[in-house]
Structures are given as C-alpha cells and as structure tokens.
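With the UniProt record's numbering applied, the sequence shown covers 1 to 358.
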Amino acid sequence: MRGNPEIFKRRVERFQELLRENEIDGAVIRTLSSFIYFTGTKWLRPSLLIPAEGEPVVYVVKGEAELFKKKSWIENVVEFQKVEDLMAGVVGWIHRNGMERVGLEFGIERDAYLIFLKIFERLNPTIEIVDVLDLTMGLRMIKDEWELDNIRKAGKIAVKGMKVAGEVIKPGLSELEIAAEILRELMLNGSEDPKVYVSTTPRAHAEPFRDLRVPENGVVTVVIGTDWNHYYANMARTFVVGEPSERVRRAIEVKEEAYRIALEETRVGVPLSAVEKKLANFFKEKGFADAYLAGYTHGVGLLIEEPPITTIVVPQRAAKVQENMVLTIIHPPLMIPEGAIKHEDTYIVKKAGLERVT
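Here is the structure:
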C-alpha cells in the first residue's frame, strides 16, 4: 500500500476516540475522500464501517478483496455480489454491535447523496443518525508530514501542467482542446485524477466547452488540480492572448496586489474573515467591488476544495488559520466582461510563514 499502515491505523483510532467522546456507537463512511483517509486507498462506491471500539470493516464487490488487501491495511474485508447483500451486511453490523447512534457524513461530495440517507433510514428506523462530517474534517484539516509531502509532489505536477497551458493557448483553440493537452501532461507525470478547468469567458467555475474558443486579444483562465497519492495541489493562472484592454490590464494589476496582501495577512491565529474583510475593502478602493467574489481561500487535501471552504460555506470564514493547514490563495476570480481574472496558488501554513507549493 501507499504510505505506512500505522498512519492510517492512528487516524482510525483518533476517529474512534471522537466517536466515543460524542457518544456515537459507530460510523458508516461512504464518501470517497474520507474512505481514502482511513483506508489508504481509493475505491469506487466505498463502504467502510468503523465501530467506536474494535476493528473496521470494508465491503467490496465480489472478486475485489485480494487487491484491496494489497492496497490497504484493513484485514476485515467482506465481498458482496448484490447491493442487497451490502445493505444487509451494514444493517447486521449495526444490530450485532447493539448500536443506537450511528454517524454518516453529510457534505457536498459524491456518495453523500440524500438517496443513501433515505435508504439507510428505511432500513434502520430505530437508529439515530448523527452527522460526523465535522469530526472527519476536523481530523483532515491539519495535515501530517506524509500528507504534506504528497501535496508538494502534486504541486510540482501542477506547475508542469500550467507550463503546457502557456505553450498551447492560441486564438481559435477550444477550451476542451486546451484542457486535453494539459490533462495529458498531468497524467503522464503521475496524477491519477487531475482536474482541469478552462474559461475563455467570465465564468467562475469553468468545465471546458468544446464550442468555446480562444478569441483574438482575449483572456483565458486555467485552473488545475493535481493529485499524488490522492492528495491535491491547486493553482490557477490567467493568460492574455494578444493585446489586453485597459480594463484587463488594470484587473490583473489589482489582482496581483490583492494576492500579495492575502499572503501577508494569512498567518497562524488570524481569522479568515479578517483577511476577507481587508480584501473586500481593497477591491472597493480600487473600483472592483462589483467584480470581486467573496471567499478568498479554501482548504486542499484529499479534495481539491475542502474545509475551511470560505467560498460557499459562510460559517467557515470564522475559522482561524492553523499550522499545517493547506490553503489556496486567492481562489475567486475578478469577474469582468472579458473574462475571469485569477491568480491562485497552494500554500502550506507554517508558524514562520507560508510555504508555497505551486
């Protein structure tokens, strides 16, 4: 498996301590990123059962157990042939262990879907369901050195991908064609699940379109997320094709100055909301208040965007910067008619300052 098995065992043990402290009897982990966090490997449609005390159990499809055991430290692996068998196994595990309060994660990630909650409730009508997302993310928000090393390696791959972006972008090329060239570079360098977003128009979140093309004297923004051992680094750049307009030139200058302010202000112990307020005031002073999107940073790890997510989870803006957090700065673009102006990099927070990853 990738990484020392003891790393993942300790994570499960810490999570079990949190379950006991919160009087939760066990947890059913179905979100992929938390599954990776505890098992050490990615697996499609994950099902990990963690009791408050005792050994965890993983359910995999028939025929998958042998490979899974090579990829993970967990020995108690059960195969199922029908989804009904999986459901029966989960229900049986809950009742055999006399559980009354069971944790699930309710987030924005795949496999945290409402349909799974409804099925679980129907099969376990007497069980109290508890959201354990804050528990898992509380563990994941602060990275250990193994995680940080993976993120550093991912950052080096991201930089290579952005270099390719700068080389291939030209008038007439589609967003999809640009993304394809970047993805090829990222995968050839070992990123197994890279994310590439390309925008030739003012779009905050831009999955590439095949029928949108780079205009003459246009703006192209590229966002890259690369993974190494499932840990991500995130970066974004805006490329100017031809001669930029005065508004584009000015927006880039203001964005660069805001980037420097954010780096200076993001320090251990500082509330993210305090930095956010300074940036909002800065953009207002520079005449870009209407172009700025709130939420200057987010965490990076097993997801390209994870807590603290100041962009879409407003309460998390109150979080304070902590050592060994991994944050992107600055995430949201300046939205002007010519395009989305971005400059984003991944940083590791240290007491002495920020360590640049991308």
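We treat Cβ as the ideally placed atom computed from N, Cα and C, and that holds for glycine.
Report yes if the C-beta distance between residue i and residue j is below 8 Å; otherwise report no.
i, j, result
"V57", "N76", "yes"
"K156", "E185", "no"
"T358", "V326", "no"
"I74", "L104", "no"
"L354", "P308", "no"
"M1", "S72", "yes"
"residue 378", "L188", "Residue 378 falls outside the range modelled here, since the chain spans only 1 to 358, and no answer is possible."
"T226", "A158", "yes"
"E323", "V268", "yes"
"I330", "Y232", "no"
"T200", "V168", "no"
"K170", "G301", "no"
"F333", "A165", "It is worth fixing the name first, because residue 333 is Pro in this sequence and not Phe. Cβ atoms of P333 and A165: not closer than 8 Å."
"K286", "E265", "no"
"V28", "V78", "no"
"residue 373", "L135", "In this structure the chain extends from 1 to 358, so residue 373 is not present and cannot be described."
"T311", "G299", "no"
"I336", "P202", "yes"
"residue 444", "I182", "Outside the shown range of the chain, which is 1 to 358, sits residue 444, and nothing can be said about it."
Give the single residue among the options whose Cα lies nearest to the Cα of residue i.
i, options, result
"A289", "V300, A251, H331", "A251"
"Y37", "G269, Y197, G3", "G3"
"N68", "V83, W43, S47", "One point to set straight first is that residue 68 is Phe, not Asn, in the sequence displayed. If we check each option's Cα against that of F68, W43 comes out closest."
"R317", "V275, A291, R247, E17", "V275"
"K62", "L49, V83, I169", "V83"
"G40", "L49, N229, A236", "N229"
"A65", "H298, H343, Q81", "Q81"
"F120", "N150, L86, L133", "L86"
"I115", "R30, V314, I348", "R30"
"L32", "I304, E55, T328, I348", "I304"
"V60", "K70, I50, R45", "R45"
"F15", "M137, R247, G172", "M137"
"S245", "G190, V196, G339, I108", "G339"
"L139", "E13, D149, S191, R247", "E13"
"S34", "L18, E109, E100", "E109"
"N22", "K70, E100, K9, R247", "E100"
Within 10 Å of its beta-carbon, does residue i have 16 or more other beta-carbons around it, so buried, or fewer, so exposed?
i, result
"E53", "exposed"
"N234", "buried"
"G92", "exposed"
"E306", "buried"
"H95", "exposed"
"P194", "buried"
"L123", "exposed"
"D25", "buried"
"N281", "exposed"
"R11", "buried"
"E147", "buried"
"E257", "exposed"
"G98", "exposed"
"H314", "Per the sequence shown, residue 314 should be read as Val rather than His. Per the 10 Å Cβ criterion, exposed."
"A206", "buried"
"A154", "buried"
"I50", "buried"
"E344", "buried"
By Cβ distance, which residues of its chain are closer than 6 Å to residue i, with the 5 residues on each side in sequence left out?
i, result
"S174", "R210, R213"
"F283", "A289, Y292"
"N217", "G242, E243"
"K351", "V268, E323"
"E55", "N76"
"L127", "Note on identity: in this sequence residue 127 is Ile, with Leu being the wrong assignment. Taken in chain order, the residues that qualify are V102."
"S191", "I157, T226, D227"
"N150", "W228, N229, Y231"
"K118", "none"
Leaving out five residues before and five after residue i in sequence, what residues of the same chain have Cβ atoms less than 7 Å from its Cβ?
i, result
"R20", "A52"
"M162", "V222, I224, M235, R237"
"R152", "V357"
"V349", "V268, V321, Q322, E323, N324, M325, L327"
"G172", "R213, V214"
I'd like the list of long-range same chain contacts for residue i, defined as Cβ closer than 8 Å, with 5 residues on each side in sequence excluded.
i, result
"I178", "A165, V168, I169, V198, P208, V214, V220, V222"
"V270", "K320, V321"
"I7", "G40, D144, W146"
"P5", "G40, W73"
"A262", "V275, L279, Y296, T297, I329, I330"
"D131", "G103, L104, E105, F106"
"V196", "G161, A179, I182, L183, L186, P208, V222, V223, I224, G225"
Would you please verify whether the beta carbon of residue i is less than 8 Å from any beta carbon of chain D?
i, result
"P208", "Note that chain D does not occur in the displayed structure, where there is just one protein chain."
Residue ranges of each alpha helix (DSSP H) run of no fewer than 4 residues wholly in the UniProt domain "Creatinase N-terminal" (11 to 142), ordered along the chain?
32 to 39, 65 to 71, 83 to 96, 114 to 123, 133 to 140
In chain order, what are the residue ranges of uninterrupted beta strand (DSSP E) at least 3 long that sit wholly in the region 258 to 330?
Whole beta strand (DSSP E) segments, 3+ residues: 297 to 299, 306 to 309, 326 to 329.
Mind pulling the beta strand (DSSP E) runs of 3 or more residues that sit fully within the region 163 to 228?
Here the runs fully enclosed are 195 to 199, 219 to 228.
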